[in-house]
Amino acid sequence: MNDPLIKVEGLSKKFCRSLKRSLWYGMQDLGNELVGQRHGGDGQLRKDEFWAVRNASFELKRGECLGLIGHNGAGKTTLLRMLNGLIKPDQGRIEVRGNVGALIALGAGFNPILTGRENIYINASVLGLNKRQVDAKLDEIIDFSEIGDFIDTPVQNYSSGMSVRLGFSVAAVLIKPDVLFLDEVLAVGDIGFVIKCLNTVRRLTADAAVVFVSHSMQFISSFCTRVVVMQRGETVLDSLSPADGIDRYYGLVKYEKQNSGTGEAEVMELDLLADGTKVTEEEPSIRQGSKLEAILRVRVDGPRAGAEIEVFIHDEAMAPLIAIPLHGADSRPLRLPAGEHVLQIALGALDLNAGKYSFVVSVTDLKTSVSLVRAQGLRPFRVFSDRTQWGRIVRPAVPQVLTDGSIRSTSD
Amino acid sequence: MSEPTVVIYTPDSALSRPLVMVREMFRDLLASRGLAWRLAVRDIRAQYRQAFLGVLWAFILPVANAAIWIFLARTGVVAVGDTALPYPAYVLTGTMLWAILMDAMNAPLLQTTAARGMLAKLNFPREALLVSGVYQTLFNAGIKVALLVGALFWFGINPGWGFLLFPLGVLSLIMVGSALGLLVTPIGMLYTDVGRAMPLLMQFLIYLSPVVFPMPKAGVAAALFQLNPLTPLILTTRDWLTGYPPDFLSYFLAVNVVAFALLLAVWVAYRLAMPILIERMSA
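Put into C-alpha cells, the structure is as follows:
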C-alpha cells in the first residue's frame, strides 16, 4: 500500500544566464519539441548555460516530508517546478502518483476588481474545484481567512496580508492532496494566522507525501522527516536527519574575515575549547549545551594608557547576538597595557539555537575611544542541535512539579 | 476510490507517444470547461465593471470605423465602388465581422500572456485559457451581432432564411481567427515582436478583404482579394446575414476545413510549447 508517491531519478535541468540567448534557446527547444525530439539535447551545456538542478534522485512515501534547503539559486524552486509539471526536465524522470496539491502561488488568478467572494470561486477553479465543492465550504473559507465583512469588497482594496490570507484559505480548506508541494508559504500574515496555517499544513502533511521548500530552519526542523541540501544545483546532502541537513546548510554559509580600525592592535588568534577540548576543525560543529571557552591572543601597540576589549558573537546574517565585555576582577572594564596578551574567556554553556555564528573582537583605546581594531568573521562555528527552536537562545528548563499548589522561591 | 492517477515527466517529446498525447489533450479540454467558464466570467465582469461605458466597448470601435468610412465615401474623399447593399450596411457588417475575427485572433496570445503568473506557478489545464478566450469572443460577438441585426432591420434589409446559417459564419470566423492566433502564440510568448507586428499585418489585410471596399472586378487587387482566405469568410457571412446567395460557398467550406486542421495542429504545438515557454519566461 505504501508505495512511493514521488519517484525522481537522475533529474537535471539547464538554465541560461543571458536573456537574449535564453529566448533563442527557447525557440530551438520549441523547434525540437515540435519535430518530436528529446528535450535537453545530449546533456551538453550550450553557451551561457548552467545546471540549475543536477542529477537529483529521491523517492517519497505517504507521510514523509522532504525539506529542500539551500541558498538562493541553489535550484530548490526549479526542482519543485519540475515536480509540479510546470517545466520539462532536461534529463531524468519523475513519477508522481495521486492527487497533487500545491500551496505555492497563493491567490493565483485573483482579479483585483472583483470581490473576495467572487475571487474564491476563481481561485478554486484554478485549483481544479467546481462551484458545488466551493459552495459547500464557502463559509469555512471565509471564516478561516478572517476577512469578515471585507469579503464583498474588491480585492484591490485588501491589504497584502488579507489577500494572501484569502488565497491560503481557499487552498487550505479545499485541497486534500496525496502529494503536496509547499514553497515558502508559511510566512503569511500575523503570528495568529501563521499558527493556523501551521496546523493546517500539519493536517495536510500527515496524509501526503510532501516536498517543502523553506528558508526557515524552524519549519524544516519541525515538519520534515528528511532533508536534501542543495548548492548550485547539486545535491550536497540527502539525510533522514533534519538536524544533520540543517547543520550542513549552515556549513554552506561563508564568512569573510574583515578587519577595520586604525591597525594599532591585532587579533592574532582565537581558539575555542568545547568541554575542555581544543576545537581543531576549521569550521567546527559544536553540540548545543557544550561548555565553551575562548582563548584570545591580541597585541596592542603602544605607547598608550590602555585598551579595552569586547567580544561579540554574531549570527549568520552578521547581526550581533551576544556581547561579552571583558572585565577585570573589580568588575570594571579590563585595562590592557601595550604588548601581547593571551586571554582565556569562559563563555558558559553554549545556549545558542542551531545555526552558524562567528566572533567579532573589538579593541578600543581606553582614553580616546578610538577603534584600534575590529575583527569580524573570526572563528566561525556551527551549533548542532537535534531540534531547531523558535528562539535565538535555547535554555531548556526542568520545572518543579508543584503538588500542593504553593509557590516556593527557588533560591532557597 | 478509483485507481490513482500517475503522471510521468521525462525529457521525451510528447509526440513520441501520439495516442497518449491525444487522449490527454481531450481529457484536459474536458477538464478545462469549468475553469474556462470561470475565467471568462471573471474577465468579462472585470472589464465591464471598470468601464463607464460597459458593454458598449464591444462595438464602439467597429462602429466608429464604419462611421469614418461612411463619411469618406459620402464626401467623396475616397471613391468606393458600387455595392449591392447600401454602403453603410455593407461597411457596418464588414467592420463588425472583421472585429469578431480580430477578437478571436488576439485572444490566445492575450489570454496566455495575461496568465503568465499563474502559468509559471500552477499546473492547470492550459486549454482553459484558450477556451476562456473563445467564450469571451463569443460574448462580445453576441453584443455586436445584436447591434448589427438591429441596424440592418433599421436599414430595412431582410435577411430571409439565410439568417439561420449566419451563426455558422460567425463561428467559422471565430474558428479561423483562433487558429491563426494560436499559430503565433508560442513565438509571441517568447518574443514580443509578434504581438506588435500583428496589428500592423491586420491593418494591411483589412484593405485586402471585402470589409470596407467591395470586391474589385479586375486587376491585381482583384487577384489579391480572391487569394485572401479571409475573403470568402467575410463575404459568405455577410451574404447570409443580408439575404444574398453566397458566391464563394465552396471556397468558404475549403477555408473552414483547412482552418480546422490547422486548429488541431496548433493546439498540439501550443501544448508542447507550454513547458518550454514557462521555463523561458520565468528565467
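Sequence lines, in order, name chains B and E. Quick note: to get our numbering, add 734 to the position in the first sequence (first position is 1). Quick note: to get our numbering, add 477 to the position in the second sequence (first position is 1). The beta carbon of each residue, even a glycine, is placed where N, CA and C say it ideally should be. Here the structure is a predicted model, which is why all the values come from computation and not from measurement.
Is it the case that the Cβ atoms of residue 1008 of chain B and residue 1099 of chain B are separated by a distance below 9 Å? As a first step, residue 1008 of chain B must be located in the first sequence, where it is residue number 274. As a first step, residue 1099 of chain B must be located in the first sequence, where it is residue number 365. No, these two residues do not count as a Cβ contact at 9 Å.
When the cut-off is 9 Å and only beta carbons count, does residue 779 of chain B lie next to chain E? Here residue 779 of chain B refers to the residue found at position 45 of the first sequence. Cβ-Cβ to chain E under 9 Å: no for residue 779 of chain B.
What residues from chain B crowd round residue 523 of chain E, counting only those whose CB sits closer than 7 Å? For this step, residue 523 of chain E is matched to residue 46 along the second sequence. Going along chain B in sequence order, the residues near residue 523 of chain E (Cβ under 7 Å) are 845, 847, 848.
State the Cα-Cα distance for the pair residue 1035 of chain B and residue 917 of chain B, rounded to the nearest angstrom. For this step, residue 1035 of chain B is matched to residue 301 along the first sequence. For this step, residue 917 of chain B is matched to residue 183 along the first sequence. Those two C-alpha atoms are separated by around 53 Å.
What does a CB cutoff of less than 8 Å around residue 559 of chain E pick up in its chain, not counting 5 residues either side in sequence? Translated into the one-based positions of the second sequence, residue 559 of chain E becomes position 82. These residues qualify, in order along the chain: 691.
Any beta-carbon of chain B closer than 9 Å to the one on residue 621 of chain E? To locate residue 621 of chain E, count along the second sequence from 1; it is residue 144. Not closer than 9 Å to any Cβ of chain B, the Cβ of residue 621 of chain E fails to qualify, so no.
In chain order, what are the residue ranges of uninterrupted alpha helix (DSSP H) at least 4 long that sit wholly in the region 878-933 of chain B? 894-908
Identity of the residue in B:1112, B:1117, B:1135, B:1087 nearest residue 1126 of chain B by Cα: For the purposes of this step, residue 1126 of chain B is taken as residue 392 along the first sequence, with counting starting at 1. Minimum Cα distance to residue 1126 of chain B is reached at B:1087.
Check whether the Cβ atoms of residue 1060 of chain B and residue 804 of chain B sit closer than 9 Å, and answer yes or no. Looking up residue 1060 of chain B in the first sequence gives position 326. Looking up residue 804 of chain B in the first sequence gives position 70. Taking 9 Å as the Cβ cut-off, residue 1060 of chain B and residue 804 of chain B do not qualify as a contacting pair.
Determine whether the Cβ of residue 772 of chain B lies closer than 9 Å to any Cβ atom of chain C. The chain labelled as chain C is not found among the protein chains of the depicted structure, namely B and E.
With three or more C-beta pairs closer than 8 Å as the rule, is the region 715-724 of chain E touching the region 629-642 of chain E? yes
From which residue to which residue does the beta strand (DSSP E) around residue 1025 of chain B run? What you label residue 1025 of chain B is simply residue 291 of the first sequence in a count that begins at 1. Residues 1025-1034.
What is the rounded straight-line gap between the Cα of residue 700 of chain E and the Cα of residue 677 of chain E? As a first step, residue 700 of chain E is located in the second sequence; it is residue number 223 there, counting from the start. As a first step, residue 677 of chain E is located in the second sequence; it is residue number 200 there, counting from the start. Distance between the alpha carbons of residue 700 of chain E and residue 677 of chain E: 22 Å.
Can you tell me which residues form a DSSP beta bridge with residue 829 of chain B? By one-based count along the first sequence, residue 829 of chain B stands at place 95. Residue 829 of chain B is bridged to B:741, E:485.
Contact between the region 789-797 of chain B and the region 964-976 of chain B (3+ Cβ pairs under 8 Å): yes
Cutoff 6 Å; reference residue 1096 of chain B; Cβ partners in own chain excluding five residues on either side: Here residue 1096 of chain B corresponds to residue number 362 of the first sequence, with the count starting at 1. Here the set comprises 1044, 1108.
Using a Cβ-Cβ cutoff of less than 6 Å, which residues in the same chain neighbour residue 607 of chain E once the five nearest sequence positions on both sides are dropped? As a first step, residue 607 of chain E is located in the second sequence; it is residue number 130 there, counting from the start. The beta carbon of residue 607 of chain E sits closer than 6 Å to those of 585, all from its chain and outside the five residues before and after it, given in chain order.
Going by DSSP, name the residue or residues bridged to residue 837 of chain B. In the first sequence, counting from the first residue as 1, residue 837 of chain B sits at position 103. DSSP, once it has assigned bridges, lists B:916 as partnering residue 837 of chain B.
Can the beta-carbon of residue 810 of chain B be found closer than 9 Å to that of residue 816 of chain B? As a first step, residue 810 of chain B must be located in the first sequence, where it is residue number 76. As a first step, residue 816 of chain B must be located in the first sequence, where it is residue number 82. Taking 9 Å as the Cβ cut-off, residue 810 of chain B and residue 816 of chain B do not qualify as a contacting pair.
Strictly below 7 Å CB to CB, what residues from chain E border residue 829 of chain B? On the first sequence, position 95 is the one that residue 829 of chain B refers to. Correct list: 483, 485.
Which residues in chain E have a C-beta closer than 7 Å to the C-beta of residue 860 of chain B? List them in chain order. Looking up residue 860 of chain B in the first sequence gives position 126. Within 7 Å Cβ-Cβ: 512, 595, 599, 601.
Beta-carbon contacts of residue 722 of chain E that lie in its chain and below 7 Å, excluding the five residues immediately before and after: The residue given as residue 722 of chain E occupies position 245 in the second sequence. Answer for residue 722 of chain E: 716, listed in chain order.
Beta-carbon within less than 6 Å of residue 974 of chain B's beta-carbon, same chain only, minus the 5 sequence neighbours each way: which residues are those? Here the question's residue 974 of chain B lines up with position 240 in the first sequence. Cβ neighbours of residue 974 of chain B beyond the five flanking positions: 960.
Rounded to whole angstroms, what's the CA-CA distance from residue 509 of chain E to residue 851 of chain B? Just pull it up for me. On the second sequence, residue 509 of chain E is found 32 positions in, with the first residue counted as 1. On the first sequence, residue 851 of chain B is found 117 positions in, with the first residue counted as 1. Spanning the two alpha carbons is a distance of roughly 21 Å.
By alpha-carbon positions, which one of B:848, B:875, B:872 ends up nearest to residue 887 of chain B? Within the first sequence, residue 887 of chain B is the residue found at index 153, counting from 1. If we check each option's Cα against that of residue 887 of chain B, B:848 comes out closest.
What residues from chain B crowd round residue 613 of chain E, counting only those whose CB sits closer than 7 Å? In the second sequence, counting from the first residue as 1, residue 613 of chain E sits at position 136. What residue 613 of chain E touches in chain B: nothing, since even the nearest Cβ is about 14 Å away.
Per DSSP, the bridge partner or partners of residue 1091 of chain B: Looking up residue 1091 of chain B in the first sequence gives position 357. In DSSP, residue 1091 of chain B forms a bridge with B:1115.
Residues sharing a beta bridge with residue 731 of chain B, DSSP: Residue 731 of chain B lies beyond the residue range present for chain B, which begins at 735 and ends at 1146; the question has no answer from this structure.
Under 8 Å: does the beta carbon of residue 1027 of chain B sit that close to some heavy atom of the ligand ZN? The model on display carries no ligand, and the ligand ZN is accordingly not part of it.
Are the C-beta of residue 787 of chain B and some C-beta of chain E separated by less than 9 Å? Within the first sequence, residue 787 of chain B is the residue found at index 53, counting from 1. So no, residue 787 of chain B is outside the interface.
Does residue 788 of chain B come out as helix, strand or coil in the three-state DSSP assignment? Taking the first residue of the first sequence as position 1, residue 788 of chain B is located at position 54. In the structure shown, residue 788 of chain B sits in a strand (DSSP, three-state: E or B).
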